[in-house]
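Chains as they are written, first to last, in the numbering used here: chain A, 298 to 834; chain B, 4 to 36.
As structure tokens, the structure follows; a few thoughts come after it.
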Amino acid sequence: MSAVVDNHSHDHGHGHGHDDHGHGGGYGGLMRWVTTTNHKDIGTMYLWFSFIMFMVGGVMAMVIRAELFSPGLQIVNPDFFNQMTTMHGLIMVFGAIMPAFVGFANWLIPMQIGAPDMAFARMNNWSFWILPFAGALLIISFFTPGGAPGVGWTLYAPLTVQMGIGMDLTIFAVHLLGMSSIMGSINIVTTILNMRAPGMTLMRMPLFVWTWLITAYLLIAVMPVLAGAVTMTLTDRHFGTSFFNAAGGGDPVLYQHIFWFFGHPEVYIIALPAFGVVSQVIPAFSRKPLFGYASMVYATSAIAILSFIVWAHHMYTVGMPVTGQLFFMYATTLIAVPTGVKVFNWVATMWKGSLTFETPMLFALGFLFLFTLGGFTGLVLSLVPIDIQLHDTYYVVAHFHYVMVAGALFAAFAGVYFWLPKWTGKMYDEKLGQIHFWLTMIFFNITFFVQHFSGLAGMPRRIPDYPLMFETWNKISSIGAFGFGLSQLLFLYVVLKCIRSGEKAPEKPWEGADSLEWTHLPTPVPYHTFDPQPDLR
Amino acid sequence: MALSRNAKTGLILATIAAAWFFGLIIKYWIIQP
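Next comes the structure, spelled out in structure tokens:
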């Protein structure tokens with residue numbers, strides 16, 4: 298992912314008219330990365346940061362699964378277990394998955410719309426460099442008196458009002474992460490709206506760009522809501538307010554409403570860019586244009602709009618009126634319509650295509666199969682009478698891991714394997730890539746499919762101990778998790794091997810790929826691209 | 004001072020974000036019982 302380092306002095310004859318000074322501030326070594334304003338450098342840093350956070354959050358998952366391997370308390374105390382589940386969720390959502398797709402956005406959006414860079418290049422640098430500090434705050438909170446907050450990634454009141462100083466660090470970290478996301482989103486929307494090459498109309502943009510345009514609007518709309526919620530939590534803790542503190546006349550359920558007004562669109566903030574990556578990969582390996590391009594754009598928009606009116610399906614059990622439950626149930630089931638349009642279009646794209654199954658395509662198909670399964674269990678959970686039975690059980694844990702891991706993470710893997718040749722100029726080891734896919738696919742299902750059963754049997758989430766009747770499914774799940782975790786070390790090896798000693802990539806390794814970065818730019822891609830912009834009219 | 008098209012777009016979006024953040028807090032501050 299860092300081969301662009303080597304390309305500073307290469308021109309490749311593609312018309313970039315100035316050299317590199319000014320992007321890295323003229324620095325070399327570490328300072329080049331600290332000061333860089335180049336979208337490719339920043340995209341690379343986002344991707345590496347997200348992988349490091351993926352490993353940190355993954356270690357926490359291993360601790361959780363190790364403790365749950367057997368009933369009783371073996372390895373950690375219940376407080377620390379709660380801290381693990383909380384930080385695992387926060388780090389994976391805000392530190393791993395979101396930055397991964399922002400990394401893709403930075404690398405690809407300018408190249409796919411024919412722009413020389415992001416609209417606000419310096420702000421782009423700032424957006425990234427806030428993240429390591431936020432990540433550090435989350436990790437430092439473990440070493441404060443009382444440890445990290447053990448309140449769950451949703452940071453529900455009133456627990457958050459009662460936690461130690463680690464909670465304050467977490468709140469500050471969420472503020473920083475939110476600032477980073479909002480600045481990144483402003484950059485993305487401005488870049489897409491204002492900096493497209495002549496002839497790159499909105500309805501000619503690759504679907505990845507479309508999904509990010511809609512995602513960025515979602516982020517601008519909901520990240521300030523999360524920031525507001527945690528700010529109110531902070532003032533409840535230290536400044537005598539009682540927004541959520543029942544002891545002072547506040548309402549803890551109000552926090553849940555505000556959080557999930559952010560939280561449900563957040564699911565699509567993670568899922569939509571994944572849809573975008575898959576919408577690039579499947580046509581490339583089907584050697585056909587994407588089926589139903591316009592309907593894909595409209596379906597993406599519909600999902601984004603609907604995501605604002607379904608938030609209370611996360612809280613059916615708080616005691617809301619039946620009419621409220623019915624509204625949120627119907628609105629939630631409606632989301633299946635545009636999502637179904639997307640799944641249909643991906644399948645129709647493959648219909649009668651000249652399919653090949655290289656690693657990116659395998660991950661995209663894994664995504665398609667497993668994300669659809671996660672969507673179906675989402676429909677099950679959208680039904681009030683069923684959700685009341687399954688609320689806060691492992692069925693929910695299984696559901697959202699099918700969406701987050703098999704959905705977002707599989708799409709991210711597909712994207713890395715797909716664009717790695719373009720980024721580095723070298724090919725990854727196809728055989729090892731395919732082994733990585735199959736190990737990930739098998740161990741993922743061993744880990745999470747059985748959690749549907751323990752959830753249906755009534756096992757609550759976020760508990761370090763459980764009755765003997767749940768032991769078998771938990772043992773299987775833990776074994777799967779250890780295998781899944783180890784399999785990701787193979788991914789790191791494949792990427793490093795590609796960067797260090799991969800075979801030279803052909804100009805266009807995927808013959809079906811048709812977006813600008815494949816058709817108008819050499820491989821590896823030069824440090825500066827599309828200056829001047831191409832005329833696509 | 005003439006703002007560039009990018010700066011105008013960025014400022015509009017930043018204003019929306021700020022309005023959401025402060026609007027939310029002010030709303031629940033004012034309706035506090």
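We treat Cβ as the ideally placed atom computed from N, Cα and C, and that holds for glycine.
From the options, residue whose alpha carbon lies closest to that of residue i
i: residue 815 of chain A; options: A:700, A:829 and A:720; result: A:720
i: residue 329 of chain A; options: A:631, A:426 and A:762; result: A:426
i: residue 407 of chain A; options: A:506, A:468 and A:477; result: A:506
i: residue 404 of chain A; options: A:830, A:829 and A:823; result: A:823
i: residue 509 of chain A; options: A:718, A:434, A:478 and A:440; result: A:478
i: residue 639 of chain A; options: A:723, A:587 and A:562; result: A:587
i: residue 675 of chain A; options: A:630, A:365 and A:647; result: A:630
i: residue 693 of chain A; options: A:733, A:441, A:677 and A:762; result: A:677
i: residue 412 of chain A; options: A:371, A:336 and A:474; result: A:336
i: residue 807 of chain A; options: A:697, A:658 and A:776; result: A:658
i: residue 742 of chain A; options: A:471, A:667 and A:710; result: A:667
i: residue 259 of chain A; options: A:778, A:753 and A:761; result: Nothing can be reported for residue 259 of chain A: it is not among the residues displayed for chain A, which extend from 298 to 834.
i: residue 744 of chain A; options: A:723, A:775 and A:764; result: A:775
i: residue 761 of chain A; options: A:372, A:342, A:343 and A:504; result: A:372
i: residue 828 of chain A; options: A:544, A:716, A:617 and A:494; result: A:494
i: residue 420 of chain A; options: A:480, A:389 and A:443; result: A:480
i: residue 545 of chain A; options: A:596, A:620, A:455 and A:812; result: A:455
i: residue 830 of chain A; options: A:414, A:342 and A:686; result: A:414
i: residue 818 of chain A; options: A:463, A:642 and A:722; result: A:722
i: residue 669 of chain A; options: A:686, A:690 and A:707; result: A:707
i: residue 660 of chain A; options: A:825, A:704 and A:636; result: A:704
i: residue 570 of chain A; options: A:773, A:400, A:581 and A:813; result: A:400
i: residue 690 of chain A; options: A:636, A:642 and A:767; result: A:767
i: residue 680 of chain A; options: A:627, A:711 and A:647; result: A:627
i: residue 515 of chain A; options: B:11, B:29, B:23 and B:8; result: B:23
i: residue 686 of chain A; options: A:710, A:617 and A:613; result: A:613
i: residue 557 of chain A; options: A:524, A:578, A:579 and A:365; result: A:524
Cross-strand partners of residue i (DSSP beta bridge)
i: residue 757 of chain A; result: A:690
i: residue 337 of chain A; result: The partner list for residue 337 of chain A (beta bridge, DSSP) is empty, contrary to what the question assumes.
i: residue 801 of chain A; result: A:723
Inter-residue Cα distance where the pair is residue i and residue j
i: residue 553 of chain A; j: residue 790 of chain A; result: 41 Å
i: residue 392 of chain A; j: residue 346 of chain A; result: 8 Å
i: residue 832 of chain A; j: residue 497 of chain A; result: 8 Å
i: residue 538 of chain A; j: residue 490 of chain A; result: 41 Å
i: residue 746 of chain A; j: residue 695 of chain A; result: 7 Å
i: residue 651 of chain A; j: residue 584 of chain A; result: 6 Å
i: residue 683 of chain A; j: residue 576 of chain A; result: 33 Å
i: residue 750 of chain A; j: residue 673 of chain A; result: 15 Å
i: residue 461 of chain A; j: residue 15 of chain B; result: 38 Å
i: residue 453 of chain A; j: residue 549 of chain A; result: 8 Å
i: residue 513 of chain A; j: residue 702 of chain A; result: 21 Å
i: residue 501 of chain A; j: residue 574 of chain A; result: 16 Å
i: residue 732 of chain A; j: residue 459 of chain A; result: 47 Å
i: residue 326 of chain A; j: residue 780 of chain A; result: 36 Å
i: residue 438 of chain A; j: residue 517 of chain A; result: 27 Å
i: residue 318 of chain A; j: residue 654 of chain A; result: Confidence in residue 318 of chain A is poor, its pLDDT being 45 and thus under 50, which makes the residue's placement too unreliable to answer from.
i: residue 748 of chain A; j: residue 755 of chain A; result: 10 Å
i: residue 602 of chain A; j: residue 688 of chain A; result: 25 Å
i: residue 387 of chain A; j: residue 331 of chain A; result: 25 Å
i: residue 303 of chain A; j: residue 716 of chain A; result: With a pLDDT of 39 at residue 303 of chain A, under the threshold of 50, the modelled position of that residue is not reliable, and the figure given next carries that caveat. Going by the C-alpha atoms only, they are around 17 Å apart.
i: residue 398 of chain A; j: residue 734 of chain A; result: 19 Å
i: residue 604 of chain A; j: residue 622 of chain A; result: 16 Å
i: residue 625 of chain A; j: residue 607 of chain A; result: 5 Å
i: residue 645 of chain A; j: residue 637 of chain A; result: 12 Å
i: residue 260 of chain A; j: residue 619 of chain A; result: Given that chain A is displayed from residue 298 to residue 834, the structure contains no residue 260 of chain A and the question cannot be resolved.
i: residue 471 of chain A; j: residue 432 of chain A; result: 9 Å
Rounded distance between the beta-carbons of residue j and residue i, thought under 8 Å
i: residue 384 of chain A; j: residue 357 of chain A; result: 6 Å
i: residue 714 of chain A; j: residue 656 of chain A; result: 4 Å
i: residue 611 of chain A; j: residue 560 of chain A; result: 7 Å
i: residue 555 of chain A; j: residue 519 of chain A; result: Incorrect: roughly 10 Å between the Cβ atoms, too far for contact.
i: residue 379 of chain A; j: residue 758 of chain A; result: Actually they do not touch by this definition, with Cβ atoms about 11 Å apart.
i: residue 527 of chain A; j: residue 600 of chain A; result: Between residue 600 of chain A and residue 527 of chain A the Cβ distance is about 26 Å, and since that is not below 8 Å, they are no contact.
i: residue 736 of chain A; j: residue 784 of chain A; result: 4 Å
i: residue 31 of chain B; j: residue 529 of chain A; result: 7 Å
i: residue 488 of chain A; j: residue 416 of chain A; result: 4 Å
i: residue 838 of chain A; j: residue 581 of chain A; result: The structure shown does not extend to residue 838 of chain A, since chain A spans only 298 to 834, so no value can be given for it.
i: residue 447 of chain A; j: residue 376 of chain A; result: 6 Å
C-beta neighbour in chain C for residue i, strict 8 Å
i: residue 12 of chain B; result: Structure shown: chain C not included; protein chains present are A and B.
Going along the chain, which unbroken runs of the alpha helix (DSSP H) with 4 or more residues stay wholly within the stretch 350-411 of chain A? 375-387 and 395-410, all fully within the stretch 350-411 of chain A.
Ignoring anything shorter than 4 residues or poking outside the stretch 574-628 of chain A, list the alpha helix (DSSP H) runs there in chain order. 590-603
What are the uninterrupted segments assigned as beta strand (DSSP E) that are 3 or more residues long and contained completely in the stretch 439-512 of chain A, given in chain order? none
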